[in-house]
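Data first, discussion second: the structure below is written as structure tokens.
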Amino acid sequence: MLSPADPLPPPSAQPSLASQGRSALCRAAGLSLATLARLLSGSSVRWIASQPDTCQRVYFANHTSHLDALLIWASLPQAVRELTRPVAAKDYWSRGFVRRWLAQEVFDALLIDRTDIKVHQSPVDLMLREVGTTKSLIVFPEGSRSVTGEIGEFKSGLYYLAKKRPEIELLPVHIDNLNRVLPRGEFLPVPLLSCISFGPPLWLERGEAKLDFLARARRAVLALKE
Amino acid sequence: MNDIRTIALIAGVLALLTLATAVGQFLKRHPDRGLDPAAIDTFNLRLRGWWIMCTVLAVAFWLGTTATVVLFGLVSFWALREFITLTPTRKGDHRALFWVFFLFTPLHYVLVGLNRYDIFSVFLPVYATLFVLARVAVAGDYKRFLERTAKIQAGLVVCVYCLSFAPALLQLSINGPTAESRNVNFRLLFFLILLVQFADCMQYVWSRMLGRRLVAPAVSSNRTWEGLLGSATSTALLAAVLWWAAPPFEPWQAALAGFVVAIMGFAGGMTMSAIKRDRGVKDYGTLVVGHGGVLDRIDSMCFAAPIFYHITLLVTGA
Chain A
37 MLSPADPLPP PSAQPSLASQ GRSALCRAAG LSLATLARLL SGSSVRWIAS QPDTCQRVYF
97 ANHTSHLDAL LIWASLPQAV RELTRPVAAK DYWSRGFVRR WLAQEVFDAL LIDRTDIKVH
157 QSPVDLMLRE VGTTKSLIVF PEGSRSVTGE IGEFKSGLYY LAKKRPEIEL LPVHIDNLNR
217 VLPRGEFLPV PLLSCISFGP PLWLERGEAK LDFLARARRA VLALKE
Chain B
13 MNDIRTIALI AGVLALLTLA TAVGQFLKRH PDRGLDPAAI DTFNLRLRGW WIMCTVLAVA
73 FWLGTTATVV LFGLVSFWAL REFITLTPTR KGDHRALFWV FFLFTPLHYV LVGLNRYDIF
133 SVFLPVYATL FVLARVAVAG DYKRFLERTA KIQAGLVVCV YCLSFAPALL QLSINGPTAE
193 SRNVNFRLLF FLILLVQFAD CMQYVWSRML GRRLVAPAVS SNRTWEGLLG SATSTALLAA
253 VLWWAAPPFE PWQAALAGFV VAIMGFAGGM TMSAIKRDRG VKDYGTLVVG HGGVLDRIDS
313 MCFAAPIFYH ITLLVTGA
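Chains as they are written, first to last, in our numbering: chain A, 37 to 262; chain B, 13 to 330.
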């Protein structure tokens with residue numbers, strides 16, 4: 037919840053009641069945002085050779101729009117959604133009260149510091165510590181939103197995740213047309229139709245090289261395009 | 013008197029749909045009749061679509077004029093969504109598209125609802141067009157400028173402007189007893205929808221039975237000259253037979269309206285086929301998996317609604 041150093045919102049007389057109210061509010065905000073995002077992006081959801089499940093997973097997707105994480109999160113069934121945390125950039129999502137509130141309280145996002153990566157505090161270690169043995173993650177291995185709409189090369193984080201926790205299912209997700217709903221640099225959405233496809237899970241093969249694995253993971257996302 | 017006509021029309025359509033559903037289910041259960049099972053499935057699917065359409069229309073009619081205008085507004089919005097999703101746009105079009113979706117489309121339907129024919133007849137073709145041109149220019153991307161703005165404009169005119177003439181029928185003041193005028197207007201709209209759907213079917217049936225010469229083989233592989241002529245004639249006949257349901261019309265006027273509606277519906281189908289062929293998709297439903305293609309259902313309606321509206325205007329002498 038809120039740390040004591042946080043200046044907002046004004047302290048309440050009954051902290052326990054306030055925190056209860058907050059969680060209901062956050063839940064409602066999450067649900068209505070998810071519904072709004074799905075309505076606005078007219079998204080259809082396909083599960084190709086896979087099923088929604090509450091088992092521990094890492095969803096990895098192509099990154100085209102600010103709506104990506106929200107929409108993947110919204111496409112999951114309620115029970116799965118509650119166990120799933122999007123991974124987001126700290127420099128963007130901790131700026132301003134609204135963004136911080138959305139990231140921390142509503143989506144329970146795991147914020148990663150992109151600018152200050154230390155050897156003893158690598159993002160992958162942080163992610164694994166935070167998810168424990170029950171939570172799932174949504175990650176965008178390209179690192180940032182694609183400008184051209186093409187899927188870029190994957191960064192190595194996904195490989196280290198898979199190497200340290202080889203039993204977690206890695207689920208490829210392809211997001212289609214969402215870059216036209218809310219392109220980079222725009223803040224007003226255009227309600228076109230988009231599609232989210234979840235593919236069959238993959239795992240790191242024994243002895244598979246980093247680049248081979250990352251290329252395979254990228255191909256798995258690309259394969260969902262059709 | 014007028015209510016008897018409404019009831020007769022509704023009862024007739026319901027009876028026909030029930031009969032067709034019974035036949036469709038019978039054919040599905042007995043696949044050994046030598047008929048193409050795919051055609052039977054298409055037929056049943058189409059029937060289900062009509063049941064849904066009739067139910068939605070009935071609820072909207074029952075709720076009144078405003079609800080019906082809102083319903084058509086939502087259909088327009090969705091159709092435009094499919095249209096723009098299908099046509100490639102560039103980032104420079106984004107802001108223009110935002111206003112097209114969230115300002116021009118709703119505002120146009122508000123004007124239709126307020127019966128401001130003087131404004132809504134020019135609002136989209138003139139002001140929205142000028143806005144889109146200027147907004148895309150200001151966005152600073154000149155690549156294929158005319159092509160891009162034309163796409164947005166075509167989408168607006170077909171999906172929003174033309175379709176809105178259907179609910180606009182509800183606002184026409186038709187000579188006759190004013191107490192029943194609401195029923196009369198709803199019957200007129202229903203008459204149009206009936207003719208458009210019937211023309212679509214007849215086009216298919218006549219093409220199947222006698223179709224030899226394709227109108228444009230590269231665009232559509234099942235629309236023939238024989239189908240067009242057959243559909244126009246049978247729709248004219250149906251309209252003449254049902255003239256009592258459409259109050260301002262004499263039988264010959266109803267027949268003429270039916271004839272023109274069938275030809276315009278054909279034109280709408282051909283136009284959408286051409287766009288789909290260009291983009292390499294079969295129907296708008298498969299454009300994004302899981303969405304039923306609204307545009308596939310209303311293409312003929314979009315083309316037929318304005319002409320039917322204006323014929324009615326002429327006949328009533330308004």
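Ideal Cβ placement from N, Cα and C applies to all residues, glycine included.
Contacting residues, own chain, Cβ-Cβ under 6 Å from residue i (five flanking each side not counted)
{"i": "E205 (chain A)", "result": "R93, P237"}
{"i": "M284 (chain B)", "result": "D311"}
{"i": "A79 (chain B)", "result": "A72"}
{"i": "V116 (chain A)", "result": "P88, T90"}
{"i": "A34 (chain B)", "result": "none"}
{"i": "G280 (chain B)", "result": "D311, S312, C314, F315"}
Endpoints, the beta strand (DSSP E) within which residue i is located
{"i": "R181 (chain A)", "result": "Note, R181 (chain A): premise wrong, no beta strand (DSSP E); not H, not E."}
{"i": "C231 (chain A)", "result": "231-234"}
{"i": "A111 (chain A)", "result": "First, the amino acid is wrong: residue 111 (chain A) is Ser here, not Ala. Per DSSP, S111 (chain A) belongs to no beta strand (DSSP E); it is in the alpha helix (DSSP H), 104-111."}
{"i": "V94 (chain A)", "result": "93-97"}
{"i": "S80 (chain A)", "result": "80-83"}
{"i": "D248 (chain A)", "result": "Here D248 (chain A) belongs to no beta strand (DSSP E); instead the alpha helix (DSSP H) covers 246-259."}
{"i": "H210 (chain A)", "result": "205-212"}
{"i": "V5 (chain A)", "result": "A question about residue 5 (chain A) goes unanswered here, because the residues of chain A that appear run from 37 up to 262."}
{"i": "V231 (chain B)", "result": "Segment: none, V231 (chain B) is in no beta strand (DSSP E) and carries neither H nor E."}
{"i": "I148 (chain A)", "result": "146-148"}
{"i": "I174 (chain A)", "result": "172-175"}
Close Cβ partners of residue i (< 8 Å) along its chain, the five nearest in sequence each way excluded
{"i": "S88 (chain B)", "result": "T117, Y121, C171, V172, L175, S176"}
{"i": "I19 (chain B)", "result": "none"}
{"i": "L299 (chain B)", "result": "Low confidence applies to L299 (chain B): its pLDDT is 47, below 50, so where it sits in the model is not reliable enough to give any reading."}
{"i": "R225 (chain B)", "result": "T236, W237, E238"}
Within chain A, the residues that residue i reaches when beta carbons sit closer than 7 Å
{"i": "F113 (chain B)", "result": "V226, P227"}
Check: residue i C-beta below 8 Å from any heavy atom of the ligand NAP
{"i": "A279 (chain B)", "result": "With respect to the ligand NAP, the structure offers nothing, as it holds no ligand at all."}
Delimiting residues of the alpha helix (DSSP H) encompassing residue i
{"i": "T97 (chain B)", "result": "77-98"}
{"i": "S246 (chain B)", "result": "237-253"}
{"i": "L336 (chain B)", "result": "Past the boundaries of the shown model lies residue 336 (chain B); chain B is included only from 13 to 330, so the question cannot be answered."}
{"i": "V327 (chain B)", "result": "306-328"}
{"i": "I275 (chain B)", "result": "263-291"}
{"i": "Q183 (chain B)", "result": "Q183 (chain B) -> no alpha helix (DSSP H), and no H or E assigned at all."}
Contact belief for residue i with residue j at Cβ below 8 Å, rounded distance in angstroms
{"i": "T324 (chain B)", "j": "L181 (chain B)", "result": "7 Å"}
{"i": "S243 (chain B)", "j": "Q209 (chain B)", "result": "In fact, because the Cβ distance is near 11 Å, the residues do not count as touching under 8 Å."}
{"i": "F84 (chain B)", "j": "A178 (chain B)", "result": "6 Å"}
{"i": "F203 (chain B)", "j": "L254 (chain B)", "result": "7 Å"}
{"i": "V81 (chain B)", "j": "V138 (chain B)", "result": "With a Cβ gap of about 21 Å, V81 (chain B) and V138 (chain B) do not count as contacting."}
{"i": "L21 (chain B)", "j": "R194 (chain B)", "result": "So it is not a contact: roughly 15 Å between Cβ atoms."}
{"i": "S111 (chain A)", "j": "I232 (chain A)", "result": "5 Å"}
{"i": "T101 (chain B)", "j": "L109 (chain B)", "result": "7 Å"}
{"i": "A97 (chain A)", "j": "V209 (chain A)", "result": "4 Å"}
{"i": "S79 (chain A)", "j": "G235 (chain A)", "result": "That pair is no contact at about 16 Å."}
{"i": "N213 (chain A)", "j": "L197 (chain A)", "result": "At roughly 28 Å, the Cβ-Cβ gap does not stay under 8 Å, so N213 (chain A) and L197 (chain A) are not in contact."}
Short CB-CB distance (under 9 Å) between residue i and chain B
{"i": "P236 (chain A)", "result": "no"}
{"i": "N98 (chain A)", "result": "no"}
{"i": "R150 (chain A)", "result": "no"}
{"i": "R117 (chain A)", "result": "no"}
{"i": "G78 (chain A)", "result": "yes"}
{"i": "R181 (chain A)", "result": "no"}
Neighbourhood of residue i by C-beta distance below 7 Å, restricted to the same chain and skipping five residues each side
{"i": "R201 (chain A)", "result": "L164"}
{"i": "W218 (chain B)", "result": "E238, G239, G242, S243"}
{"i": "L218 (chain A)", "result": "S101, H102, L103, P225"}
{"i": "V327 (chain B)", "result": "P260, F261, Q265"}
{"i": "A251 (chain B)", "result": "L207, A266, A267, A269, G270"}
{"i": "W256 (chain B)", "result": "R17"}
{"i": "W109 (chain A)", "result": "A70, R117, T120, P122, F143, I174"}
{"i": "K246 (chain A)", "result": "S192, Y195"}
{"i": "H99 (chain A)", "result": "F176, E178, S180, R181, S182"}
{"i": "G302 (chain B)", "result": "Low confidence applies here, because G302 (chain B) scores a pLDDT of 41, under 50, leaving its location unreliable; read the following figure in that light. None."}
Closer than 8 Å at the beta carbon, the chain A residues around residue i
{"i": "F116 (chain B)", "result": "None at all; the shortest Cβ gap to chain A is about 13 Å."}
{"i": "E94 (chain B)", "result": "L229"}
Contacts of residue i in chain B (Cβ-Cβ under 9 Å)
{"i": "P219 (chain A)", "result": "K103, H106"}
{"i": "G188 (chain A)", "result": "The contacting residues do not exist; G188 (chain A) stays about 18 Å from chain B at best."}
Any C-beta of chain A under 9 Å from that of residue i
{"i": "H110 (chain B)", "result": "The residue you asked about is not His; residue 110 (chain B) is Phe in the sequence shown. Cβ-Cβ to chain A under 9 Å: yes for F110 (chain B)."}
{"i": "T97 (chain B)", "result": "yes"}
{"i": "F89 (chain B)", "result": "yes"}
{"i": "G302 (chain B)", "result": "In this predicted model, G302 (chain B) has a pLDDT of only 41, less than 50, meaning its place in the structure is not dependable enough to derive any value."}
Residue i: contacting residues in chain B (beta-carbon distance under 7 Å)
{"i": "E222 (chain A)", "result": "H106"}
{"i": "R74 (chain A)", "result": "Neighbours of R74 (chain A) on chain B: none; closest Cβ ~12 Å, over 7 Å."}
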